[in-house]
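For reference, the structure discussed in these notes is given below.
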Amino acid sequence: MIWHLIAAVFAGLGAAGVGLILRLASGKRLPRWIVPVFAGIGMLAYQIHHEYSWFEYKQEQLPDSAEVVDVEQSQVFWRPWTFLFPMTTAFTIVEQDQLAVSRADDERLVEFLLYRFEKEYVDQVSHQAWLMNCATREMLPLEGEARTPVTEAMRRLDASAPLYGVLCPRA
Numbered sequence: 001m002i003w004h005l006i007a008a009v010f011a012g013l014g015a016a017g018v019g020l021i022l023r024l025a026s027g028k029r030l031p032r033w034i035v036p037v038f039a040g041i042g043m044l045a046y047q048i049h050h051e052y053s054w055f056e057y058k059q060e061q062l063p064d065s066a067e068v069v070d071v072e073q074s075q076v077f078w079r080p081w082t083f084l085f086p087m088t089t090a091f092t093i094v095e096q097d098q099l100a101v102s103r104a105d106d107e108r109l110v111e112f113l114l115y116r117f118e119k120e121y122v123d124q125v126s127h128q129a130w131l132m133n134c135a136t137r138e139m140l141p142l143e144g145e146a147r148t149p150v151t152e153a154m155r156r157l158d159a160s161a162p163l164y165g166v167l168c169p170r171a
């Protein structure tokens with residue numbers, strides 16, 4: 001977090017420098033308040049860029065076998081631009097290398113780990129082991145109660161659900 005604060009300060013200083021150069025280039029005809037306005041715009045632009053690039057940055061850190069199965073986007077009133085362009089605040093992945101496939105009563109059962117990444121003050125990562133019956137599209141948490149939240153779209157698991165497509169590919 002401290003590095004983002006330092007980066008925001010330097011983005012503000014750089015943008016303030018651009019405002020100062022513009023003011024000097026105009027022969028000081030531009031008002032003096034242009035410099036702090038440019039500084040504020042620079043810091044705000046850095047913050048918006050950081051928030052919107054979080055999802056891509058986290059995806060680059062994942063192994064190649066990780067498959068994103070759910071993405072959550074949200075809108076926040078103190079960030080009015082998110083009403084036009086919703087911001088990704090959480091996503092869920094399944095790592096395909098760690099799937100344990102078995103058969104019971106001629107039905108395919110897949111045991112897997114579901115990882116959930118949440119963008120907060122300090123990024124949160126939670127994981128939960130699940131068992132899925134591919135024939136009935138039922139999921140149940142292993143190791144007690146579910147710690148990793150499952151969205152309604154993931155719970156319904158119709159044939160077009162990304163999680164179902166990753167775990168139970170059509171043969």
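Residue numbering for the sequence shown follows our numbering, beginning at 1 and increasing consecutively. Even glycine gets a Cβ: it sits at the ideal position worked out from N, Cα and C.
> Quick one: Cα of A171 to Cα of P141, how far?
Replying inline: Residue confidence for A171 is low, a pLDDT of 47 falling below 50, so the modelled location carries little weight and cannot support an answer.
> Rounded to the nearest angstrom, how far is the Cβ of V231 from that of V94, given a contact under 8 angstroms?
Replying inline: Lying outside 1 to 171, the shown extent of the chain, residue 231 is not represented and no answer is given.
>> Tell me the residue span of the alpha helix (DSSP H) that contains P36.
In response: I34 to Q61
> Got a sec, what are the start and stop residues for the beta strand (DSSP E) P141 sits in?
Replying inline: E138 to P141
> Roughly how many angstroms separate the alpha carbons of A25 and P31, rounded to a whole number?
Replying inline: 12 angstroms
>> What does the Cβ neighbour count give for Y121, buried or exposed, with the cut at 16 atoms within 10 Å?
In response: In the assembly as shown, Y121 is an exposed residue. Its beta-carbon has fewer than 16 other beta-carbons within 10 Å.
>> Between which residues of its own chain and F91 is the CB-CB distance below 6 angstroms, once the five residues before and five after are set aside?
In response: Apart from the 5 residues on each side of it in sequence, F91 sits with its Cβ closer than 6 angstroms to the Cβ of V68, V71 and F117 in its chain, given in chain order.
> So Y164 is in the alpha helix (DSSP H); what residue range does that whole segment cover?
Replying inline: P162 to L167 is the extent of the alpha helix (DSSP H) around Y164.
>> For I2 and A66, what's the separation of their Cα atoms in angstroms?
In response: 29 angstroms
>> For I93, list the residues DSSP reports as bridge partners.
In response: Its beta-bridge partners are V68 and Y115.
>> Report the CB separation of G14 from V35 in whole angstroms; it is logged as a contact under 8 angstroms.
In response: Here G14 is actually not in contact with V35; their C-beta atoms are around 12 angstroms apart, not less than 8 angstroms.
>> DSSP three-state label for W130, please.
In response: Three-state result, W130: strand.
> Should Q47 and A16 be called a contact, given that it needs their Cβ atoms to be closer than 8 angstroms?
Replying inline: no
> Closest to L99 by CA distance: which of P169, H4 and F83 is it?
Replying inline: P169
> From S74 to L114, what distance separates their C-alpha atoms?
Replying inline: 21 angstroms
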